[in-house]
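Residue numbers (my numbering): 19 to 450.
The next block holds one structure in the form of structure tokens; read it before the comments.
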Amino acid sequence: MSKMEKIGRADIQIGDQTMACPLYEGTEGEKALDIGALRKETGLITYDPGFMNTGSCSSDVTFIDGEKGILRYRGYDVDDLAENCEFVEVAYLLIHGSLPTAEQKARYSDLLNKHSMIHEDMREFFSHYPEHSHPMAVLSAMAVSLSSFYPELGENHKEDLDMTVTRLLSKLRTIAAFSYKKSIGDPAVYPQHDLKYCENFLNMMFNSPVIENPYNQTMVSALNKLLIIHADHEQNCSASVVRAVGSSGANLYASISAGICALWGPLHGGANQHVIEMLEGIQAEGGDIDKVIEKAKNKRSPFRLMGFGHRVYKSYDPRAKIAKALCKEVIASTNKHDPLLDIAMELEEKALADPYFIERGLYPNVDFYTGLTYREMGIPTNMFTVMFAIGRLPGWIAQFMEMKKDPQGRIARPRQIYTGPNARKVIPIDKR
Ligand code: SDX
């Protein structure tokens, strides 16, 4: 349970009624008003569309300071973790709360290897999806289907946590690679016991009898860091969905499947795919950056600069800094030049100098450079959000587990202000 400390109270005056609300402070100085008794004592509810000012829980998992551009998983800065750890260690950290010892990491790696295959009946599913199915639809459907193949994950299962977690972490990665191979008509490449998590994925994605060296070690290292910077992000849209679905008692696989669907949206994880499509559009139309920036500022246009802006970061997303450096490293390792990177960097430079973006604290977010890096690895654009999901999986699991253990936890069920018609009687259809 997290260490919220009661530091006082705030009195809310409603007409001649005063309601005393406890004031709490978290371990990094964040403060919250506890309005848990508001409706009972005053009959009022709060109104906060998009939950811009609403804390849904207290959590020990991730801390973000949007003004200072700080992101920490269980107290460790994300750049420290990206520099010094493997993704598997960070997954363990998020779920268990501490970095693994060498022995704990070895057991995790052994379990990840044991769980890396999927049931052959499940592999058959791929041949029944229409050819151009979006990989996020396949991933979400396959995630919830795991609960049919592993029913022991029921409400009262006592399966070892590491077994459940490593099964999901390992099989979701295999499912992603298998769905890619199916989409290009190639035979599935099975996981290999002697390859670590990230290299196993690239091998399953790109190994082919007719391609020599389908990936390089710079890509393996970059993928490891990319998955780390995506691993969690406190109560973002998809994590909140995982918590909400799990709060009804639905199992972990069903909750993760819902989280995958939430992540798919272009305003959330789907943005990385839309960034590339935006950059390709700029390139196709002659590279007029100023025109795109003006369009993004035009209130009459629904167009937004994809990969820019964030609900919490009003400064440079620390993950975007890491992703930008990785993008340059991977492109350099292929001795190729990607004109889209030039467009992206010019777009960033001009936007960051524009008062519209400066006044609103709009900076590149995690999605702005990641797609360019995946593209350089050979990952198709429609799989970029799948990559986000593979990275975010340990964070979703950690949030789910914390929600299940929360003594204050209850089913997620917000209230509303009704604005529909007042009571009225049905008129028989021949008189309507
Ligand atoms: C992720 O929550 C998380 O933590 C998410 C995430 C994670 O790790 O889980 O970080 C991952 O989802 C990153 C965000 C990816 N999405 C995009 O890149 C899509 C483009 N960005 C925007 O749609 C937007 O910035 C959001 C959705 C990310 C945030 O929207 P908010 O917090 O609701 O902000 P807002 O819409 O209230 O914007 C404030 C102002 C508005 O202008 P005004 O009404 O004040 O005049 O900024 C403008 C917006 O119009 N604005 C943009 C803009 N983003 C905000 N204008 C142009 N281009 C943009 N990208």
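Beta carbons are placed, not taken as given, at the ideal position from N, Cα and C, and that holds for glycine.
I need the DSSP call for residue i, collapsed to helix, strand or coil.
| i | result |
| --- | --- |
| glutamine 122 | helix |
| serine 134 | coil |
| tyrosine 168 | coil |
| methionine 363 | helix |
| leucine 157 | helix |
| serine 226 | strand |
| phenylalanine 81 | strand |
| serine 256 | helix |
| methionine 37 | strand |
| isoleucine 25 | strand |
| proline 232 | coil |
| glutamine 417 | helix |
| isoleucine 53 | coil |
| glutamate 43 | strand |
| arginine 433 | coil |
| proline 67 | helix |
| tyrosine 110 | helix |
| aspartate 448 | helix |
| isoleucine 246 | helix |
| phenylalanine 326 | strand |
| arginine 261 | helix |
| tyrosine 271 | helix |
| isoleucine 307 | helix |
| aspartate 95 | strand |
| isoleucine 202 | coil |
| proline 382 | strand |
| glutamine 210 | coil |
| arginine 90 | strand |
| glutamine 426 | coil |
Please state if the CB of residue j and the CB of residue i are separated by a distance shorter than 8 Å.
| i | j | result |
| --- | --- | --- |
| leucine 112 | valine 79 | yes |
| serine 256 | tryptophan 414 | yes |
| glycine 287 | alanine 407 | yes |
| methionine 324 | valine 348 | no |
| serine 134 | serine 188 | yes |
| tyrosine 91 | aspartate 250 | yes |
| serine 239 | glycine 84 | no |
| alanine 289 | aspartate 372 | no |
| leucine 241 | methionine 181 | no |
| isoleucine 340 | aspartate 97 | yes |
| arginine 261 | phenylalanine 418 | yes |
| valine 106 | lysine 123 | yes |
| leucine 41 | lysine 49 | yes |
| serine 351 | methionine 237 | yes |
| leucine 186 | leucine 411 | yes |
| glycine 44 | serine 76 | yes |
| tyrosine 387 | lysine 315 | no |
| arginine 141 | alanine 206 | yes |
For residue i, count neighbouring Cβ atoms within 10 angstroms of its own Cβ and tell me buried if that reaches 16, exposed if not.
| i | result |
| --- | --- |
| glycine 54 | exposed |
| phenylalanine 219 | buried |
| proline 439 | exposed |
| arginine 337 | buried |
| proline 425 | exposed |
| glycine 327 | buried |
| aspartate 139 | exposed |
| aspartate 335 | buried |
| tyrosine 392 | buried |
| histidine 248 | buried |
| methionine 19 | Its pLDDT being 43, under 50, methionine 19 is placed unreliably in this model, and the coordinates cannot settle the point. |
| leucine 89 | buried |
| asparagine 254 | buried |
| leucine 380 | buried |
| proline 227 | exposed |
Which whole-angstrom value describes the C-beta separation of residue i and residue j, a residue pair presumed to lie in contact below a C-beta threshold of 8 Å?
| i | j | result |
| --- | --- | --- |
| tyrosine 271 | alanine 161 | 6 Å |
| glutamine 301 | isoleucine 361 | 6 Å |
| leucine 359 | isoleucine 307 | No, leucine 359 and isoleucine 307 are not in contact; Cβ-Cβ is about 13 Å, not under 8 Å. |
| serine 265 | glycine 409 | The Cβ separation is near 24 Å, so there is no contact. |
| leucine 344 | lysine 243 | 6 Å |
| leucine 157 | serine 197 | 7 Å |
| glutamine 291 | phenylalanine 402 | 5 Å |
| tyrosine 331 | asparagine 383 | 7 Å |
| isoleucine 278 | methionine 154 | 6 Å |
Can you find a CB in chain B that lies within less than 8 Å of the CB of residue i?
| i | result |
| --- | --- |
| alanine 272 | In the structure shown, chain B does not exist; there is a single protein chain. |
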